[in-house]
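Heads up, the thing below is written out as structure tokens.
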Amino acid sequence: MKSFKSHRGLIATLDRTNVDTDQIIPKQFLKSIQKTGYGENLFFDWRYLPDGKPNPQFELNQPRFKNASILMTRNNFGCGSSREHAVWAVVQYGFKVVIAPRKGEIPAFADIFHNNSIKNGLLNVQLKEEEVEEIFQMVERYVGLEATVNLEEQRVTLHLPEEISFHFEIDRSVKEHLIRGLDEIGLSLRHEKEIATFEKKHNPQI
């Protein structure tokens with residue numbers, strides 16, 4: 040897994056709450072466990088018209104959001120079924136970061152989506168609701184607005200004539216895993232010598 044320390048990119052907004060995994064990647068595309076080919080079907084039912092043409096009403100089809108790599112959305116993103124393919128689709132489309140707010144008891148991200156994101160190097164950033172609202176307004180006002188998301192400093196910085204930045208909290212272990220680029224396999228390989236030593240002593244008949 041690639042290390043994530045800092046990323047600068049164009050912000051796209053998806054002004055919707057409770058975006059579930061069936062909207063992120065519909066079930067008919069879950070025919071493979073290979074981690075390839077999902078980006079083109081991200082948000083398929085919203086993104087395309089019945090004749091297969093891009094839906095001009097869908098937010099991410101706006102020319103201003105072409106090549107965006109930071110997705111701003113509302114709370115409870117990634118709810119629904121536990122398909123890891125949803126994260127693969129978001130990543131393969133080109134997003135490196137998803138930013139959402141917690142609203143009361145409703146989380147910014149559904150737990151399983153969040154855990155799958157960590158395993159696939161996708162940074163989920165939770166900001167305060169008023170901060171997300173401010174960014175939405177800035178994106179609307181300034182076409183082409185970019186941000187830098189610095190994981191080491193835990194900060195989102197908007198690149199405006201007068202820079203605006205927001206601090207975010209993140210679990211220490213999640214931060215370390217993303218910065219070091221360690222998924223579950225990577226974590227196991229950190230103990231490769233100990234595993235090999237154990238296997239030499241271990242009786243395979245037991």
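In this text, residue positions in the sequence shown follow my numbering: the first is 40, and each later residue adds one. Note that CB positions come from ideal geometry on N, CA and C, so glycine has one too.
For T56, the three-state DSSP class (helix, strand or coil): In the three-state DSSP reduction, T56 falls in the coil class, being neither helix nor strand.
To the nearest angstrom, how far is the alpha carbon of I109 from that of Y77? Taking the straight line joining both Cα atoms gives about 18 angstroms.
Which residue from N155, F116, T112, I203 puts its Cα closest to that of L217? The shortest Cα separation from L217 among N155, F116, T112, I203 belongs to N155.
Compute the Euclidean distance between the alpha carbons of P200 and E168, then round it to the nearest angstrom. The alpha-carbon atoms of P200 and E168 are separated by roughly 23 angstroms.
C-alpha distance - F97 paired with D54, whole-angstrom precision: When rounded, the distance between both Cα atoms is 10 angstroms.
Using only CA atoms, which one of G183, I174, S212, L221 lies nearest to S204? By alpha-carbon distance to S204, the top candidate from G183, I174, S212, L221 is I174.
Which one of E185, R229, N57, I138 has the shortest CA to CA distance from I209? Nearest of E185, R229, N57, I138 to I209, Cα basis: I138.
Of the listed residues D90, S121, A51, nearest to N100 (C-alpha basis): Cα-wise, what sits closest to N100 is A51.
Limits of the alpha helix (DSSP H) - the one that T236 falls within: Annotation: the continuous alpha helix (DSSP H) that includes T236 extends over 231-240.
Identity of the residue in G91, V136, S120, R122 nearest M111 by Cα: Minimum Cα-Cα distance from M111 among the listed residues G91, V136, S120, R122 corresponds to V136.
Pairwise C-alpha distance: A107 and F1: Since the first residue of the chain shown is 40 and the last is 245, residue 1 is not available in this structure.
Using alpha carbons as the reference points, say which of Q193, V213, K92, K214 lies closest to A206. Before going on, a small fix: residue 206 reads as His here, not Ala. Taking each of Q193, V213, K92, K214 in turn and checking the Cα distance to H206, the smallest one comes out for Q193.
Cβ-based burial, Q62 [other Cβ within 10 Å; buried from 16]: Counting the other CB atoms within 10 Å of its CB gives Q62 a total of 16 or more, which places it among the buried residues.
Quick one: grab the DSSP three-state call for G48. G48 falls in the strand class under three-state DSSP.
For F43 and L162, which I take to be in contact (beta-carbon distance under 8 angstroms), what is that distance rounded to the nearest angstrom? So it is a contact: roughly 6 angstroms between Cβ atoms.
Just how far apart, CA to CA, sit N57 and T187? One alpha carbon belongs to N57, the other to T187, and they sit about 25 angstroms apart.
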